[in-house]
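Quick note on full-length UniProt numbering: the sequence shown kicks off at 1 and runs consecutively. Built from N, CA and C at the ideal position, the CB exists for glycine as well. Accompanying notes for the structure given below.
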Amino acid sequence: MNKIKLHRYLALLLSIFLLMSTLSGCWNYREIESLIIVSGIAIDKNPETNKIEVTTEFVDIKSGKEIVTESKTITLSGDTMFEIARKLITVSGKRAYWSHAQVMILSETIAREGLARIIDWYVRDAETRTDISVCVSKEKTAKEILFAHAFTKSIVSFELASVLKNEKSVSTAPLIDLWDYISDLKQEGKNAILPTVLLKGKGREASPYVDGLAIFKGDRLTGTITGEGTQYLLFANNKVKGGILTLGKTPYDESRSISLEIFKSKSKIKPVISNNEVEIQILINTKVALAEIASFENFSSADVRREIEERANIMLQNNVEGVIKRFQQEYDADVFGFGEKIQKDMPTLWKSIKDDWPEKFKNLKVSVKSDIKIKNSATTNTPIEMGD
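Take a look at the structure:
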């Protein structure tokens with residue numbers, strides 16, 4: 001979010017407050033100036049006191065001839081989130097307005113101890129909203145993310161929220177809000193996940209960077225996964241909205257690669273019975289375009305395009321099956337919702353296996369079938385021709 005967009009957003013926010021004052025008579029300039037607009041929070045565990053430590057970033061809006069905004073942070077600790085929220089009012093001298101908070105960042109320590117007690121207050125409070133984006137910090141603390149540099153020199157929480165939304169569009173990390181996370185916690189046969197965030201760069205130039213997933217059993221963090229594994233998990237979960245698939249070698253030149261731009265992808269999980277055992281079949285239909293050809297060969301012929309499609313299918317099938325096996329063997333976590341799907345499609349069977357589902361999941365047979373179609377190229381099917 002650049003400066004222009006930020007000021008537009010804050011101007012809109014102030015306009016809403018002023019409209020409320022006109023309609024209800026309950027708001028005025030003085031009351032607006034008595035609020036702090038919370039933009040994001042980072043939640044840590046203080047190692048010395050063993051208390052919860054919350055760093056709040058907020059936008060202080062001052063009215064006048066021009067809108068003046070200041071980004072500030074306050075770090076407070078306490079035994080409960082409710083206690084800390086009340087301390088924030090005392091320390092700042094203003095009432096916190098939570099409805100426009102964009103992001104909640106959790107430290108790994110807090111996440112490993114369990115999030116139920118952390119999110120309980122946030123869900124119950126009348127002024128908070130459960131559409132806030134949630135992520136787990138890969139740094140030593142969560143507050144380090146809020147103290148980072150924003151490339152657009154705007155508010156860090158707004159910048160991070162924008163990064164999370166952009167990652168969803170390129171399918172390198174999921175966008176998960178608090179309500180999504182709570183829904184997954186309540187769902188039988190599925191483990192919850194959250195995106196992970198870290199700092200890229202050094203010193204004052206370090207900025208928030210989203211990469212990978214945090215994996216939960218119940219409300220407790222049990223592990224993380226980074227890299228391409230995240231994208232293949234999203235393929236299995238029908239969460240791919242765009243992005244790039246890269247083939248490491250071309251059919252005619254094993255030292256060169258091809259990039260395929262994803263236009264559309266749809267995945268379907270289907271439980272079936274084979275030899276008296278439940279199995280999972282995943283069908284992935286993907287439409288792509290040739291985005292980059294690191295070769296001097298011409299890829300306009302139908303035969304070559306079909307060969308690329310077949311190689312892409314094999315690669316995607318192998319990688320999706322590989323990440324599923326990794327979750328079965330290393331994490332013992334059904335983040336794909338296979339159990340949830342069995343419960344919906346085969347409720348009688350689910351009742352008989354749900355108590356043993358963690359063990360069943362480890363040995364569950366899963367097959368993946370990919371159908372990739374190259375619809376067109378970005379501009380041309382032919383590579384750049386080099387002169388003699």
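Beta-carbon proximity list for residue 454, same chain, < 7 Å, skipping 5 on both sides: This structure cannot settle anything about residue 454, because the visible part of the chain is limited to 1 through 388.
For K369 and I182, what's the separation of their Cα atoms in angstroms? 31 Å
S257 vs G248 beta-carbon contact at 8 Å: yes
Cα-Cα separation, V210 to N276: 43 Å
Same chain, Cβ closer than 6 Å to L234, five either side skipped, listed in chain order: S171, V240
So, with DSSP's three-state summary, where would you put V240? coil
Could you name the residues of the same chain whose beta carbon sits closer than 7 Å to that of F327, not counting the 5 residues immediately before and after it, in chain order? A333, V335
Is K190 buried or exposed, if buried means 16 or more other CB atoms sit within 10 Å of its CB? buried
Reduced DSSP category for L234 - H, G, I as helix; E, B as strand; rest coil: helix
Could you say which of V134, L164, K202 lies nearest to I193 if we only look at CA atoms? V134
Cβ pair I269, K325 closer than 8 Å: no
Integer Cβ distance of N73 from T55, believed to fall under 8 Å: Strictly speaking, residue 73 in this sequence is Thr, with Asn absent from that position. Going by Cβ atoms, the distance from T73 to T55 rounds to 6 Å, so yes, they are a contact pair.
Taking C-beta to C-beta, are I105 and I132 nearer than 8 Å? no
Taking the straight line between their C-alpha atoms, what separation do you get for A214 and K266? 24 Å
On the criterion of 16 or more Cβ atoms from any shown chain inside 10 Å, does K200 qualify as buried, or is it exposed? exposed
Report buried or exposed for V136, applying the criterion of at least 16 other Cβ atoms within 10 angstroms of its Cβ. buried
Limits of the unbroken beta strand (DSSP E) element including P208: 207-217
Is F263 helix, strand or coil when you go by DSSP? strand
When the Cα atoms are used, what is the spatial distance from G337 to N238? 11 Å
C-alpha gap between K362 and F216, whole angstroms: 16 Å
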